[in-house]
């Protein structure tokens with residue numbers, strides 16, 4: 001894939017996940033340091049995991065200043081925006097913040113699914129399982145760290161269709177790029193659109209994965 005397009009998806013994912021991390025931190029009433037840590041963990045956590053697996057040291061997030069610049073800019077802009085909403089909007093700030101958070105989270109999920117899967121395809125094109133796993137880990141890794149630091153149960157371990165959306169997008173991208181030999185750009189957009197669409201449809205229509213149910217008064221749990 002053209003490095004420019006890879007960087008565009010990487011920056012888009014960093015921006016989107018930085019926003020979602022900032023919103024979670026603000027909702028938890030963290031101080032400015034806590035907001036920064038949560039935003040940074042969400043934005044670059046998955047990418048750091050990806051680079052460690054691939055043996056890229058230092059991780060890309062520490063090689064370029066733009067990633068931390070995006071995080072700081074996002075924190076400042078989000079904090080100012082929430083503080084200075086007009087009176088009518090402030091009454092519904094939690095509603096709008098939740099919608100914005102869900103959208104940012106879906107966009108970040110799709111963007112990092114693309115960057116992780118493409119890196120896997122670049123280094124190991126013949127190992128499809130590795131490519132898909134790397135894409136999914138890049139996409140969900142930061143969100144898992146965010147939820148742990150915020151004291152929440154991660155979407156990954158509940159019945160939400162979250163990692164499943166990333167897996168579907170990674171499969172589509174890998175199949176299009178490696179098996180069908182389509183261009184990296186078109187394959188990337190395919191994976192991004194599938195991931196975001198599945199995630200947003202799951203939110204809109206409350207689609208969930210089935211849970212393993214236990215019998216009442218079970219002796220095991």
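Residue numbers (full-length UniProt numbering): 1 to 221.
Every residue gets a Cβ at the ideal spot worked out from N, C-alpha and C, and that includes glycine.
In the DSSP assignment, residue 142 falls within the alpha helix (DSSP H) that extends over 128-149.
Excluding its 5 nearest sequence neighbours in each direction, residue 50 has C-beta neighbours in its own chain below 7 Å: 116, 119, 134, 137, 138, listed in chain order. Just so you know, the alpha carbons of residue 168 and residue 109 end up roughly 12 Å apart. Rounded to the nearest angstrom, the gap between the Cα atoms of residue 10 and residue 189 is 13 Å. In this structure, residue 81 sits away from residue 61, with a CB-CB distance that is not shorter than 8 Å. Just measuring C-alpha positions, the residue of 157, 126, 185, 180 sitting nearest residue 210 is 157. Around the beta carbon of residue 121, a 10 Å sphere encloses 16 or more other beta carbons of the protein chains shown; the residue is thus reported as buried. In the three-state DSSP reduction, residue 105 falls in the helix class (H, G or I).
Within 10 angstroms of the beta-carbon of residue 174 lie 16 or more other beta-carbons, which makes it buried.
Residue 200: member of the alpha helix (DSSP H) spanning 184-205, first to last residue. Rounded to the nearest whole angstrom, the CA to CA distance from residue 79 to residue 34 is 13 Å. Where residue 61 is concerned, there is no enclosing alpha helix (DSSP H), because DSSP gives it neither an H nor an E. For residue 69, the closest C-alpha among the options 98, 39, 57, 52 is that of 39. In this chain, the alpha helix (DSSP H) harbouring residue 35 covers 32-54. Taking each of 180, 3, 212, 187 in turn and checking the Cα distance to residue 113, the smallest one comes out for 187.
Rounded to the nearest whole angstrom, the C-alpha separation of residue 103 and residue 200 is 8 Å. Counting only the Cα atoms, residue 196 lies some 23 Å from residue 148. Between residue 143 and residue 170 the beta-carbon gap is near 15 Å, outside 8 Å, which marks them as no contact.
Residue 4 counts as exposed, since fewer than 16 other beta carbons sit within 10 angstroms of its beta carbon.
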